[in-house]
Structures are given as structure tokens and as C-alpha cells.
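Numbering (my numbering), first residue to last: 200 to 277.
Ideal Cβ positions, reconstructed from N, Cα and C, are used throughout, including at glycine.
Everything on this sheet refers to the single structure shown next.
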């Protein structure tokens, strides 16, 4: 996600629109859904004395959600 380094936004402390510094915090690692129904079914079939089952359980990963932190440049409120 491409965002500018500074944006103009409303600051509730200054009670006016001022320039804000933008900081993006993301978590890059998103594990798959380990307790989903398909994964549990696949694990049940693997238990016991038999070989591989058809294919692997399909795990849909969720997209990375970005959080934008705004910091006012005049009063330093976050």
C-alpha cells in the first residue's frame, strides 16, 4: 500500500486540520487457519495406519491488514 509521508488531517487536540506524519504498522507473517474444518478433516484421515489422502487441505490466507498511525506535527499527538 503506497501512502504519502505526510497528510493533512483533523487533530482533536489542536481542534483544526494540521499536517500529520504517517506511519504504517504491518505484520508480514500471517499463518494459515490451523483449526479450520478442512484441516481437521485432513488430520483425522491421516491418523492411523494408512498412507496419504487426496491432496493437501486448502488453507486460504487472509490479506495483510495495514494500520496507519497519524502523528500531529504541531502537538505530537498520536
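For residue 217, the enclosing beta strand (DSSP E) starts and ends at 215-224.
When C-alpha distances from residue 219 are compared across 274, 246, 240, 206, the shortest belongs to 206. DSSP places residue 240 in the uninterrupted alpha helix (DSSP H) bounded by 236-245. Taking every protein chain shown into account, the CB of residue 274 has fewer than 16 other CB atoms within 10 angstroms, so this residue is exposed.
With respect to residue 276, residue 268 sits apart: the two C-beta atoms are not nearer than 8 Å. Beta-bridge partners assigned by DSSP to residue 210: 215. Scanning its chain for C-beta atoms nearer than 8 Å, with the 5 sequence neighbours on each side dropped, one finds around residue 244 the residues 252, in chain order.
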